[in-house]
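In the numbering used here, the protein residues as written are 1308 to 2033. Worksheet: one structure, shown below.
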């Protein structure tokens, strides 16, 4: 038995020995595999991934602008509430009116208005009234096409002015109410706005021509509002109009906006009736990223905290009927109710509780006969002086649409928003120094783009060798904006004291600049293995709004009058901080970081900008604290003046830097840069056409020896000139 137990034990030991041997072998194999994998990681370097940004890059610029706008509007809410609570509302209202006056510029009306030069075009008899189509001047040469609906019977009659919204006076929202006002005994003046579906189209496109006014700093709203004010001037010339107690003014949508602004200028407006046109800007157009028109987002409006509610309140003590449609799909009724509640409280605190009323119509975005009845009731009190006068019910079946031919006036097209703004731009140009001193230009630019913080944070990936260059992913953060970038830095054996730091700014983004042997990649000379060849460092950032941070779509960008370029350009203008201004400051901050933190010699930094990147390079280089080595504007906008001068342009809305022409133009900046190399390669006009040699010479001359203007420069020549900058 003992022998059997020993044999059994031996067999078990043999089995365990084999098992242990197998386990040891497996462990050795596993360790070997691990070592191989570790060795593989060393042999095959990891491709640099983009450094994670703090912001979602595609929504970063949009969020940045909206957040700043909401903060400014919120601060304005606090100031407004404090002013009314503390009894300082009159000073507050005057500050709003002063901002409007400064933003609108010269508005010649009333005793300051010129000759109306009135012309009667045609007269028609209709069921409810006589229609007189007349032309008279607003700005000199700019004609108002007024259709005057005159009641039958003996006058004089009270009057109402009806500004048309973003439409034409031939549509039902306008001509039907005008007929109804006349039926109820009021002379009604109906006129078209600039552009839209009106008779005043050439040179008056709200978007295409309206954005030009950003450059001169005057809101295109002035062209809508002065027409309304001159209608009152016209009414004063009529013997059949009773002006003793003033006039009423009412309109829907854009016509309501015109009404609100006109009231701030003219005390002859006895009462106003804006309809379907206002809400808190925090809701619309900022909060919902609506595709608003440029006339409503003039330079510095939001920065000054002037919202829609402020425009309405600044009209106190003018009696106001604020009307809204319950089915309005843009100005939502809940928004209108909230605003009306705030306005009502402010009127009460100002001691004018009985001068504000809110009316909710069953309509959508429209001006209905019910609204006519409501506003006539208000006018009976404040214009007629007969508050007890009964307003009869208006039956829609009694009113028919008139043929458009009965309302046409055929205004002269020669003067328009484009030509009038062009005149302003020329006047500004005549008052600027064509050859300013270096420091004067720096200060002028900073008045437009602001002062850079010269601060930032830099993150950089491990290198990936790309022939003679080390490829790095970079994330530079400044002013709470993330700027992804690609850095091509010569490997140690190709570094040279003569090598430059080329900061390459491409409007279409760094992928365009680098991919498939793009221009920025060519500047690196990564395939050149001759150590005698100077290899430059090339840094290619995606500035906010370009490249990786191109704004993603928001819902209203889908409409025919909307785009992300327009939304961001318009909203940044209202902040008093244009897209080019933001990009230029970010670039100046980046350059200063290289100097202070990377110990780069300022004289070795070359700012190269392609497309609108050239404008950014020029402005950023001009405001840098130290003089850099060079600035290159390649196939870039030659001057802002051309955007105001040329009838047609192809640059995006972001090119219209708010207030620029009040202080400088790009050729003046070029002339003032006397310490660094400046290359202007293939300068472009408003239509992105290359300037001819004679055009370029005329525009930029005289320049110093440090400046080279190379019209119609070809890409290969441009690259060589950049590489050869000493």
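Ideal Cβ positions, reconstructed from N, Cα and C, are used throughout, including at glycine.
{"query": "Residue 1574, buried or exposed, once every other Cβ within 10 Å from all chains shown has been counted against 16", "result": "exposed"}
{"query": "DSSP three-state assignment for residue 1722, whether helix, strand or coil", "result": "coil"}
{"query": "Residue 1368 vs residue 1965 beta-carbon contact at 8 angstroms", "result": "no"}
{"query": "Residue-chain proximity (residue 1767, chain C), Cβ-Cβ < 8 angstroms", "result": "In summary, chain C is missing from the structure at hand, where a single protein chain is found."}
{"query": "Simplified DSSP state of residue 1710, which is helix, strand or coil", "result": "coil"}
{"query": "Endpoints, alpha helix (DSSP H) assigned at residue 2000", "result": "2000–2007"}
{"query": "Proximity below 8 angstroms, CB of residue 1555 to CB of residue 1682", "result": "yes"}
{"query": "Cβ-Cβ distance between residue 1923 and residue 1887 below 8 angstroms", "result": "yes"}
{"query": "Residue from 1845, 1916, 1484 with nearest C-alpha to residue 1580", "result": "1484"}
{"query": "One or two residues paired with residue 1784 in a DSSP bridge", "result": "1764, 1789"}
{"query": "Anticipated Cβ contact below 8 angstroms, residue 1732 with residue 1948, distance rounded", "result": "6 angstroms"}
{"query": "As assigned by DSSP and simplified to three states, the class of residue 1906", "result": "coil"}
{"query": "Assigned secondary structure, residue 1641 (DSSP; H/G/I helix, E/B strand, else coil)", "result": "helix"}
{"query": "Beta-bridge pairing of residue 1668 - partner residues as DSSP gives them", "result": "1632"}
{"query": "Residue(s) in a DSSP beta bridge with residue 1354", "result": "According to DSSP, residue 1354 bridges with nothing at all."}
{"query": "Touch test, the stretch 1874–1894 against the stretch 1380–1393, Cβ-Cβ under 8 angstroms, three pairs minimum", "result": "no"}
{"query": "Same chain, Cβ closer than 7 angstroms to residue 1634, neighbours up to 5 away in sequence not counted", "result": "1670, 1671"}
{"query": "Delimiting residues of the alpha helix (DSSP H) encompassing residue 1930", "result": "1920–1930"}
{"query": "Residue 1605 classed as buried or exposed, judged by whether at least 16 other C-beta atoms fall within 10 angstroms", "result": "buried"}
{"query": "Range covered by the alpha helix (DSSP H) that runs through residue 1537", "result": "1528–1543"}
{"query": "Alpha helix (DSSP H) runs contained entirely in the stretch 1852–1917, provided each spans 4 or more residues", "result": "1871–1881, 1886–1903"}
{"query": "Cβ neighbour criterion (16 or more within 10 Å) applied to residue 1539", "result": "buried"}
{"query": "Per-residue DSSP class, three states only, for residue 1269", "result": "Shown here, the chain extends from 1308 to 2033; a query on residue 1269 therefore has no answer."}
{"query": "Residue 1687 versus residue 1878 - alpha carbon distance", "result": "40 angstroms"}
{"query": "Whole-angstrom distance between residue 1812 and residue 1395, CA atom to CA atom", "result": "49 angstroms"}
{"query": "Residue 1736 (DSSP reduced to helix, strand or coil)", "result": "helix"}
{"query": "Chain-order list of residues whose beta-carbon lies under 6 angstroms from that of residue 2016 (same chain, five-residue window excluded)", "result": "1987, 2003, 2007"}
{"query": "Alpha carbon of residue 1536 to alpha carbon of residue 1758, nearest angstrom", "result": "39 angstroms"}
{"query": "Residue span of the alpha helix (DSSP H) that contains residue 1480, given as start and end", "result": "1479–1490"}
{"query": "Three-way DSSP call (helix, strand, coil) for residue 1616 in this model", "result": "helix"}
{"query": "Buried/exposed call for residue 1843, threshold 16 Cβ in 10 Å", "result": "buried"}
{"query": "Alpha helix (DSSP H) segment containing residue 1258, residue limits", "result": "The structure shown does not extend to residue 1258, since the chain spans only 1308 to 2033, so no value can be given for it."}
{"query": "Member of 2033, 1656, 1957 whose CA lies at the smallest distance from the CA of residue 1985", "result": "2033"}
{"query": "Bridge partner(s) assigned by DSSP for residue 1556", "result": "1468, 1579"}
{"query": "For residue 2028, three-class secondary structure by DSSP", "result": "helix"}
{"query": "CB of residue 1620 within 8 angstroms of CB of residue 1650, strictly", "result": "yes"}
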